[in-house]
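Q: Per the working numbering, the sequence shown starts with residue 2, numbered consecutively. Built from N, CA and C at the ideal position, the CB exists for glycine as well. Please read all numbers here as calculations on a predicted model, not as lab measurements.
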Amino acid sequence: MITEHIETDILCVGGGIAGLMAAISAAQSGLKVVVAEKGNTVHSGSAGMGNDHFACYIPEVHGPDVMPLIQEWSQGQWGGALRNTEKLVAWFKKTAEIVPLWNAWGIPMKYEGKYEFSGHAFPGQKHMVHLKYGGEVQKAVLAREARRRGAKIIERLMIFELLGGERVCGALGVHTRQDKLIHIGARCVILGTGQAERLYPPATPGWLGNHNRPATSSSGDGRAIAYRLGAELVNMEAFGRHAGTKYFVRSGQGTWNGVLRDPQDKPLGPFLTRPDRRYSDMITEINKNIFAEYAAAGKGPVYMDLRGISDEDLAYFEHWMRQEGNVALLNHLAEEGVDLRKNPVEFMTYGLRARGCVASTVKAETSIKGLYAAGDESPSGEGISGAAAFGWIAGENAVQYVTRNRAPDGAGDVQATIEENKSMLDAIRRRDDGPDWREAQVALNQVMIDYAGVVRSEPMLQAGLAHLRRLKKKTVDTVVARNPHELTRVLEVFNLLDLGVLTFIAASERKETRGMHRRADYSYTNPMLDRQILVKRVNGEPVTEWRDW
Ligand SMILES: Cc1cc2nc3c(=O)[nH]c(=O)nc-3n(C[C@H](O)[C@H](O)[C@H](O)COP(=O)(O)OP(=O)(O)OC[C@H]3O[C@@H](n4cnc5c(N)ncnc54)[C@H](O)[C@@H]3O)c2cc1C
Numbered sequence: 002m003i004t005e006h007i008e009t010d011i012l013c014v015g016g017g018i019a020g021l022m023a024a025i026s027a028a029q030s031g032l033k034v035v036v037a038e039k040g041n042t043v044h045s046g047s048a049g050m051g052n053d054h055f056a057c058y059i060p061e062v063h064g065p066d067v068m069p070l071i072q073e074w075s076q077g078q079w080g081g082a083l084r085n086t087e088k089l090v091a092w093f094k095k096t097a098e099i100v101p102l103w104n105a106w107g108i109p110m111k112y113e114g115k116y117e118f119s120g121h122a123f124p125g126q127k128h129m130v131h132l133k134y135g136g137e138v139q140k141a142v143l144a145r146e147a148r149r150r151g152a153k154i155i156e157r158l159m160i161f162e163l164l165g166g167e168r169v170c171g172a173l174g175v176h177t178r179q180d181k182l183i184h185i186g187a188r189c190v191i192l193g194t195g196q197a198e199r200l201y202p203p204a205t206p207g208w209l210g211n212h213n214r215p216a217t218s219s220s221g222d223g224r225a226i227a228y229r230l231g232a233e234l235v236n237m238e239a240f241g242r243h244a245g246t247k248y249f250v251r252s253g254q255g256t257w258n259g260v261l262r263d264p265q266d267k268p269l270g271p272f273l274t275r276p277d278r279r280y281s282d283m284i285t286e287i288n289k290n291i292f293a294e295y296a297a298a299g300k301g302p303v304y305m306d307l308r309g310i311s312d313e314d315l316a317y318f319e320h321w322m323r324q325e326g327n328v329a330l331l332n333h334l335a336e337e338g339v340d341l342r343k344n345p346v347e348f349m350t351y352g353l354r355a356r357g358c359v360a361s362t363v364k365a366e367t368s369i370k371g372l373y374a375a376g377d378e379s380p381s382g383e384g385i386s387g388a389a390a391f392g393w394i395a396g397e398n399a400v401q402y403v404t405r406n407r408a409p410d411g412a413g414d415v416q417a418t419i420e421e422n423k424s425m426l427d428a429i430r431r432r433d434d435g436p437d438w439r440e441a442q443v444a445l446n447q448v449m450i451d452y453a454g455v456v457r458s459e460p461m462l463q464a465g466l467a468h469l470r471r472l473k474k475k476t477v478d479t480v481v482a483r484n485p486h487e488l489t490r491v492l493e494v495f496n497l498l499d500l501g502v503l504t505f506i507a508a509s510e511r512k513e514t515r516g517m518h519r520r521a522d523y524s525y526t527n528p529m530l531d532r533q534i535l536v537k538r539v540n541g542e543p544v545t546e547w548r549d550w
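1. With distances taken from CA atoms, which of Glu383, Lys370 and Asp414 is nearest glutamine 196?
2. According to DSSP, is alanine 558 part of a helix, a strand, or is it coil?
3. Buried or exposed: which applies to threonine 42, given that a residue is buried once 16 or more other Cβ atoms fall within 10 Å of its Cβ?
4. For asparagine 211 versus cysteine 358, is the C-beta distance shorter than 8 Å?
5. Is arginine 214 near ligand 1, judged by its Cβ being under 7 Å from some heavy atom?
6. Helix, strand or coil: which one does DSSP assign to aspartate 437?
7. Give me the Cα-Cα distance between isoleucine 11 and alanine 375, rounded to the nearest whole angstrom.
8. Compute the beta-carbon to beta-carbon distance between arginine 511 and leucine 530, rounded to the nearest angstrom, for a pair I have assumed lies under 8 Å.
9. Do the CB positions of histidine 537 and glycine 231 come within less than 8 Å of each other?
10. Taking only three categories from DSSP, how would you classify lysine 370?
11. Assign glutamate 325 to one of three DSSP states: helix, strand, or coil.
12. Give me whichever residues DSSP pairs with glutamate 347 in a beta bridge.
13. Mind checking whether the beta-carbon of threonine 96 lies closer than 7 Å to any heavy atom of ligand 1?
14. Mind checking which residues open and close the beta strand (DSSP E) that includes arginine 242?
15. Going by DSSP in three states, glycine 81 sits in which element: helix, strand or coil?
16. Closer than 7 Å: is that where the CB of glutamate 325 sits relative to any heavy atom of ligand 1?
17. Quick one: residues in its chain with C-beta nearer than 8 Å to the C-beta of tryptophan 438, no 5 flanking neighbours on either side, listed in chain order?
18. What whole-angstrom Cβ distance do glycine 309 and proline 271 have, given they're in contact under 8 Å?
19. Report the residue from His54, Ser45, Arg430 and Ala360 whose alpha carbon sits nearest the alpha carbon of glutamate 233.
20. So who's on the other strand from tyrosine 452, going by DSSP bridges?
21. Report all residues from its chain with a CB closer than 7 Å to the CB of lysine 94; omit the five preceding and five following residues, and keep chain order.
22. Which of the three DSSP states, helix, strand or coil, is assigned to glutamate 510?
23. To test your reading of the DSSP string, which unbroken beta strand (DSSP E) runs of 3 or more residues are found completely within the stretch 26-70?
24. Tell me the rounded alpha-carbon separation between tryptophan 79 and methionine 283.
25. Where do the N-terminal and C-terminal ends of the alpha helix (DSSP H) with aspartate 222 fall, by residue?
26. Beta carbon of methionine 449, beta carbon of tyrosine 201: below 8 Å?
27. State the beta-bridge partners of proline 543 as determined by DSSP.
28. Let me confirm a value: threonine 274 is counted as buried when at least 16 other C-beta atoms fall within 10 Å, else exposed. Which label applies?
29. Go ahead and label tyrosine 525 buried or exposed: buried means 16 or more other beta carbons lie within 10 angstroms of its beta carbon, across all protein chains shown.
30. What's the gap between the Cα of aspartate 478 and the Cα of arginine 471?
31. Between threonine 256 and the rest of its own chain, which residues show a CB-CB distance below 8 Å, the 5 nearest in sequence each way excluded?
32. Quick one: measure Cβ to Cβ for lysine 475 and leucine 182, integer angstroms, because I've assumed they're closer than 8 Å.
33. Smallest Cα separation from isoleucine 25: which of Ala335, Arg354, Ile394 and Met50?
34. Check for me: the beta strand (DSSP E) holding lysine 133 runs from which residue to which?
35. Counting only the same chain and skipping the five closest in sequence on each side, list residues whose C-beta sits under 8 Å from that of glutamate 87.
36. Looking at ligand 1, does it come within less than 7 Å of arginine 356, judged from the CB to the closest heavy atom?
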């Protein structure tokens, strides 16, 4: 394994929306900024193929006060960390700056010359929040803007460990195509690695990558490396679910503008009775489990029904599906001769999506000095606009941090950590026999869904935790990586195994039922526990702490 060394002021881990926005805002200060991206920034991450809804506040549309919009947006949302009004205000106010910026850079934020809001909305909703925008080009535009301001983007570099002690001082990465260990010395690190969806099995367990987020931004790398350095994680016991076309797992549910119906053609909810391009059928937002519930009760299949849609509205729908990165789905429907004017499409509830992330403040600071988190990695904001807003905020605050803290202090023994990790990587690459990452990934998913799935209880959680710890040790001791690509997959699974352990610990700690965290042994929601669980590593072991929202 060859070792390379790079020095920078600010390192952005992940070249998704959060990482690139952080890089753009930080690089305009003139400081040195490096973006390390596991894939290629032009098409990587959840936003890599496009998005079409940008939740935002535009004063000229919504009026001078942001609060009515926030109140309306909050209706029906899973509370979680987003109950924090300070963060909601910071998020939406920042979107008012970002919308015109993106438009000026070449991401179309207007449709036919004006701001167009539709989808993710109840009929008659006063403050429409979701702006339709042309996200197909967004990643190429943001990567270009980052480079224009002097940020250096390193593609195909997976960061797998952070360096430092009470403050961060860099990171270690592996090249995903070459046997190369890269040490990046940095005075500040911004994490933006996306989701941790691969903790639980996909909706089609035989098809490993079939999640509604791409595989590379679904292994929770940022959370795991932050935890190992000592940062606090939050909401590790929580999970959410998404819904969409059956088996062809895809995000984009708010772009579908038809009615969800049962086999007798009866609408599932009270919101829509015929397709309406201004809204989407909000019954699925209120209860993403509804398709699973219908299936369990033998009341399915459930269909997304666009019958009766006008040709103009169908063209509108297809336009936004393309912006949303759903070209493959449109192509598939065309290849199979599915005409949405005649054929309803079956929908399903997808697998469990871990909600735990890196605890961070309204300034995107984590509990480690110099370490910031934004986007899906953090509990602030949501979706594309949350990533854009808090990525930007992280970049701004990182600049201030680096400017204030020029002299290193308390950074820990970096050289020893580098040597230790190099030996670990060499050992994995030298093995020529053993299980590969897929076996570990499948075993992890099996334990997670069976022991910390939709219904949980103390004996099951304790048994699952023991299985997972055994699995982790066995994986570390025996897994093989036949090439650099497999090595990155192995490192991802190591991260997921760490996060799995923390999920069990937090789920055991929350002795109540709350949202989708259902405890068979505590079937009620306990108002005394209306607080968050933080987990961090102390002397090598996970320690939990309760804290107010
Ligand atoms: C098809 C689809 C449609 C969607 N539509 C919408 C929408 O219309 N509106 C909306 O609000 N949201 C939408 N979302 C969600 C939205 O895309 C995400 O919330 C958003 O992209 C999160 O941004 P992020 O920067 O946090 O993560 P991502 O955009 O996922 O970026 C994470 C990046 O980090 C990289 N990375 C991961 N680990 C490492 C590592 N160890 N080292 C280096 N790099 C790493 C990944 O390769 C990736 O490029 C959609 C998602 C999908 C999949």
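A: Taking the definition as stated:
1. Glu383
2. Any answer about residue 558 is impossible in this case: the structure gives the chain only from 2 up to 550.
3. buried
4. no
5. yes
6. coil
7. 14 Å
8. 7 Å
9. It is worth fixing the name first, because residue 537 is lysine in this sequence and not histidine. Taking 8 Å as the Cβ cut-off, lysine 537 and glycine 231 qualify as a contacting pair.
10. strand
11. coil
12. Tyr304
13. no
14. 240-246
15. Unreliable positioning characterises glycine 81 in this predicted model, as indicated by a pLDDT of 46, which lies under 50. A coordinate reading is not provided.
16. yes
17. Val480, Ala482, Glu487, Arg490, Val491, Glu493 and Val494
18. Rounded, the Cβ-Cβ distance is 18 Å, inconsistent with contact.
19. Ala360
20. Partner(s): none; tyrosine 452 has no beta bridge.
21. Tyr58 and Val67
22. helix
23. 34-37 and 54-56
24. Per-residue confidence for tryptophan 79 stands at a pLDDT of 47, beneath the threshold of 50, marking its modelled position as unreliable; the derived number appears in the next sentence. Each residue's alpha carbon lies about 14 Å from the other.
25. 222-230
26. yes
27. Arg538
28. exposed
29. exposed
30. 11 Å
31. Asp53, His54, Gly120, Ser281, Phe318, Trp321, Met322, Glu325 and Asn327
32. With a Cβ gap of about 24 Å, lysine 475 and leucine 182 do not count as contacting.
33. Ile394
34. 131-133
35. Val363
36. no
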